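Protein chains: 2
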Amino acid sequence: MNNAELENGSAGVVTKQFFTFAEPPNTFTLESGASLSPVTLAYETWGQLSKNRDNAILVAHAFSGDSHAAGFYPDDPADAKPGWWDSMIGPGKGLDTNKYFVICINILGGCMGSTGPSSINPETGQPYGLDFPMMTIGDIIETQKLLLEHLGISTLHGAIGGSVGGMQVLEWCVRYPDKIRSAIPVASTMRHSALAIAFNEVARQAIMVDPRWNRGNYYGSDGPDLGLAVARMIGHVTYLSDEAMRRKFGRRLQDKENFSYGFDVDFQVESYLRYQGTKFVERFDANSLLYITKASDYFDLVNRNGSGPSLMELTSAQTKFLVISYSSDWLYPTYQAKELVQSLKRASQDVSFCEIEADCGHDAFLIPDKRLGTLIGGFLDGVSRN
Amino acid sequence: MNNAELENGSAGVVTKQFFTFAEPPNTFTLESGASLSPVTLAYETWGQLSKNRDNAILVAHAFSGDSHAAGFYPDDPADAKPGWWDSMIGPGKGLDTNKYFVICINILGGCMGSTGPSSINPETGQPYGLDFPMMTIGDIIETQKLLLEHLGISTLHGAIGGSVGGMQVLEWCVRYPDKIRSAIPVASTMRHSALAIAFNEVARQAIMVDPRWNRGNYYGSDGPDLGLAVARMIGHVTYLSDEAMRRKFGRRLQDKENFSYGFDVDFQVESYLRYQGTKFVERFDANSLLYITKASDYFDLVNRNGSGPSLMELTSAQTKFLVISYSSDWLYPTYQAKELVQSLKRASQDVSFCEIEADCGHDAFLIPDKRLGTLIGGFLDGVSRN
Chain H
1 MNNAELENGS
11 AGVVTKQFFT
21 FAEPPNTFTL
31 ESGASLSPVT
41 LAYETWGQLS
51 KNRDNAILVA
61 HAFSGDSHAA
71 GFYPDDPADA
81 KPGWWDSMIG
91 PGKGLDTNKY
101 FVICINILGG
111 CMGSTGPSSI
121 NPETGQPYGL
131 DFPMMTIGDI
141 IETQKLLLEH
151 LGISTLHGAI
161 GGSVGGMQVL
171 EWCVRYPDKI
181 RSAIPVASTM
191 RHSALAIAFN
201 EVARQAIMVD
211 PRWNRGNYYG
221 SDGPDLGLAV
231 ARMIGHVTYL
241 SDEAMRRKFG
251 RRLQDKENFS
261 YGFDVDFQVE
271 SYLRYQGTKF
281 VERFDANSLL
291 YITKASDYFD
301 LVNRNGSGPS
311 LMELTSAQTK
321 FLVISYSSDW
331 LYPTYQAKEL
341 VQSLKRASQD
351 VSFCEIEADC
361 GHDAFLIPDK
371 RLGTLIGGFL
381 DGVSRN
Chain D
1 MNNAELENGS
11 AGVVTKQFFT
21 FAEPPNTFTL
31 ESGASLSPVT
41 LAYETWGQLS
51 KNRDNAILVA
61 HAFSGDSHAA
71 GFYPDDPADA
81 KPGWWDSMIG
91 PGKGLDTNKY
101 FVICINILGG
111 CMGSTGPSSI
121 NPETGQPYGL
131 DFPMMTIGDI
141 IETQKLLLEH
151 LGISTLHGAI
161 GGSVGGMQVL
171 EWCVRYPDKI
181 RSAIPVASTM
191 RHSALAIAFN
201 EVARQAIMVD
211 PRWNRGNYYG
221 SDGPDLGLAV
231 ARMIGHVTYL
241 SDEAMRRKFG
251 RRLQDKENFS
261 YGFDVDFQVE
271 SYLRYQGTKF
281 VERFDANSLL
291 YITKASDYFD
301 LVNRNGSGPS
311 LMELTSAQTK
321 FLVISYSSDW
331 LYPTYQAKEL
341 VQSLKRASQD
351 VSFCEIEADC
361 GHDAFLIPDK
371 RLGTLIGGFL
381 DGVSRN
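Going down the list, the protein sequences come from chains H and D.
Residues in the first sequence are numbered from 1 upward in steps of one, following the numbering used here.
Residues in the second sequence are numbered from 1 upward in steps of one, following the numbering used here.
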């Protein structure tokens, strides 16, 4: 890190930390009724927690994200990329670490340090696999709350997240409306649509038909890498937009002037998808994909199936909402953001809404864009003034 | 068939016929330079060919279709469904068999009677598998033309087709503009977009990573049924629309009141997709899917990569075009139909355009809808009058 980088708002060096709870004989009970013991959460923080412990902002990551939202690890090589939302987190950025204590927690069910299906089941000494209990977005929030309490944070200044992260933000608001002053769901939805469930189900099937998946029991041997790569390819198509793909790839051929007249890569878009699939396999656990996509599919703030309060019961809360959508996001389209806004207004909430014009689809929230930072910075300042 | 059905415009009983050409020592040369010998095409016809042999209309089927576009086979059970476009073909229907001789041909590379990768390679006595040469939409048209010539049809009154069928219609127009009086591409495009290529590539990968695919050499043993089912599920999501899925499935649960908290079917949309995948495996060959999707991906009437004339060279033709799109089709969206219309107009063609409002996505053209029949019937009558 040199001075130029610091002046440029670098989030700096960060260390992954761990918090373990529900240690035997205690257990953590999930929405399904199942229980886990113990539970570890990996997390990272940026900025300083204020004396009153009232400046914490939770960054909730999307399904394949992790706690490394910004900055670098101490042992990163010189050419390492910073965390996944480095453009948003740092001094003077949208989530200004001169003002806020930012925390990002790898979600329950993940595979980046938090307890998930690849963790050791203490009852067997082997990885859980499918013995890991199904968890919900609500369960993720309950674990996050325990970690925040451990850090002495009883109230969040705000929570922000894109995609599945946005669902976590909203779940926070309906479960603990008095413990969250502001909420910024980005490129998200108040209930998973049939289309989104459909894509998740196809991705799951791609993994589950891979014989190496072996009903989730593949740890220590070759895993379902091929199925997982196909699942990621499906995901990647849904994260982009028709326009972005036209602009980025069009019908350009890969390293050749003529068609191969075979099943090798002809088009750049094919090469891109295969690369994304292969790269993902190196860093993500197939069972985690199954569990986290299922948790998103279950997410529904309107019909709660008996699990927690609904959005309509939010009448007493004082949370300020900023709902953000992207014009070319067809996974969680703007009309779904507007449905959320209308539901929040019917529940007498203080809600602002912004659709950002961008042609890059659902993934737009991950792409550095000053507009998002400015919007969020201004909104959070307004919350602070109130 | 009873009288009520006949009065109701039934297409009646139809028999699948076969035409074989390029028998040794002759061969059929494909665009790639490879050759095939012999080539068989399966086809079905409805209505009577006029004395002048000038009332033929080619129905070009979509990628998983076949020659059985309407009516019933003689040995169909009482509860059999009619052909896939029975709503469009028959006395008094959009393609009025009192006026026109309608013909539908299973495409080269298919698996419903025409020569494809599951056919016997005479050189080995075994199914071709991946030894089948890669074919293009242009190759499909050349085989169709040979069959029509065999039937004594030198000029088509019209050609119509949805999706990949629409590509065939357009390819006919640029290859043989003087042999086709009218063309109706429906829910189609003049070049396959990056998004469409991406979905096809993911579907192909789903098949090719199935170990039972065995590099295409699976005939006589268990084939890549699981991979093929996943490929079909991907396809089905793209054939529907967000709106249609909301209306048809929403977040309704399948046969239960609560979540399973497992990886069995929870939502109706999951059950629907799994069913579509399984059903498809019973009737379709995985290698045919690979070849036909690749032929669609290669389709580009603008940049021809040296293969045949481009759309811009169409200046002398007299073909009348009716381009039809569906408002909720996101695989071949209306903007692509408009690009086609503009290109045709720049090439001084006689072109009409209609976007049909429908919420059911790309598959809308397969769903009985009087509007499509009326539109097409009126257009074809106009062509006849000229």
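Where is the CB? At the ideal position from N, CA and C, for every residue including glycine.
Please read all numbers here as calculations on a predicted model, not as lab measurements.
Residue i, DSSP secondary structure in three states
| i | result |
| --- | --- |
| S37(D) | coil |
| N8(H) | Residue confidence for N8(H) is low, a pLDDT of 49 falling below 50, so the modelled location carries little weight; the figure read from the coordinates is stated next. Here N8(H) sits in coil by DSSP. |
| E149(D) | helix |
| T97(D) | coil |
| Y261(D) | coil |
| I367(D) | coil |
| D139(D) | helix |
| S352(D) | strand |
| N3(D) | Residue placement at N3(D) is poorly supported in this model, since its pLDDT is 40, which falls under 50; the coordinates are not used for a value here. |
| C104(H) | strand |
| A42(D) | strand |
| R304(H) | coil |
Proximity of residue i and residue j at Cβ, strictly below 8 Å
| i | j | result |
| --- | --- | --- |
| V202(H) | F63(H) | no |
| V169(H) | L108(H) | no |
| C104(D) | H157(D) | no |
| S328(H) | A244(H) | yes |
| T124(H) | S307(H) | no |
| D300(D) | R212(D) | no |
| Y275(H) | H362(H) | no |
| A11(H) | D86(H) | yes |
| I234(D) | A196(D) | no |
| L322(D) | F379(D) | yes |
| S67(H) | G138(H) | no |
| L226(H) | V209(D) | yes |
| I324(D) | V186(D) | yes |
| L147(D) | Y291(D) | no |
| P117(H) | Y100(H) | no |
Interface partners of residue i on chain H, CB under 9 Å
| i | result |
| --- | --- |
| D363(D) | Ordered by position in chain H, no residue passes the 9 Å Cβ test against D363(D), which lies about 14 Å from the chain. |
| N214(D) | Those within 9 Å of N214(D) in chain H number zero; the least Cβ separation is about 13 Å. |
| M190(D) | Going along chain H, no residue has its Cβ under 9 Å from M190(D), so there is no contact; the nearest lies around 11 Å. |
| V398(D) | Nothing can be reported for residue 398(D), as the shown portion of chain D is limited to 1 through 386. |
Cβ of residue i within 8 Å of any chain H Cβ
| i | result |
| --- | --- |
| I103(D) | no |
| P211(D) | yes |
| G262(D) | yes |
| L226(D) | yes |
| A194(D) | yes |
| F259(D) | yes |
| S327(D) | no |
| F379(D) | no |
| M312(D) | no |
Proximity test, Cβ basis, 8 Å: residue i and chain D
| i | result |
| --- | --- |
| M208(H) | yes |
| E201(H) | yes |
| V230(H) | yes |
| A198(H) | yes |
| M134(H) | yes |
| D131(H) | no |
Where residue i meets chain H, residues with beta-carbon distance less than 7 Å
| i | result |
| --- | --- |
| L273(D) | A198, E201, V202 |
| R246(D) | S193, A194 |
| N305(D) | N258, F259 |
| Q205(D) | V230, M233 |
Chain-ordered chain D contacts of residue i [CB-CB under 8 Å]
| i | result |
| --- | --- |
| I234(H) | V202, I234 |
| E270(H) | I197, A198, E201 |
Chain-ordered chain D contacts of residue i [CB-CB under 9 Å]
| i | result |
| --- | --- |
| V351(H) | Near V351(H) there are no residues of chain D at all, since even the closest Cβ is about 23 Å away, more than 9 Å. |
| F249(H) | A194, I197, A198 |
Residues that residue i contacts on chain D, provided the C-beta gap is smaller than 7 Å
| i | result |
| --- | --- |
| S32(H) | Y261 |
Interface residues of chain H facing residue i [CB-CB closer than 8 Å]
| i | result |
| --- | --- |
| D359(D) | Under the 8 Å cutoff, chain H gives no residues; its nearest Cβ is about 13 Å from D359(D). |
With 8 Å as the C-beta to C-beta threshold (strictly closer), list the residues of the region 275-302 of chain D near chain C in chain order.
Absent here is chain C; the protein component of the structure consists of chains H and D.
Taking three-plus beta-carbon pairs below 8 Å as touching, is the region 138-147 of chain D in contact with the region 75-91 of chain D?
Flag = no, the region 138-147 of chain D and the region 75-91 of chain D do not touch.
Please determine if the region 93-104 of chain H and the region 23-38 of chain D are in contact, where contact requires at least 3 C-beta pairs separated by less than 8 Å.
no
State whether the region 311-318 of chain D contacts the region 339-356 of chain D, with contact taken as three or more CB pairs (one from each stretch) at a distance under 8 Å.
yes
Meets three-Cβ-pair contact criterion under 8 Å: the region 329-341 of chain D and the region 278-296 of chain H
The region 329-341 of chain D is not in contact with the region 278-296 of chain H.
So, do the region 353-373 of chain D and the region 242-257 of chain D have three or more beta carbon pairs nearer to each other than 8 Å?
yes
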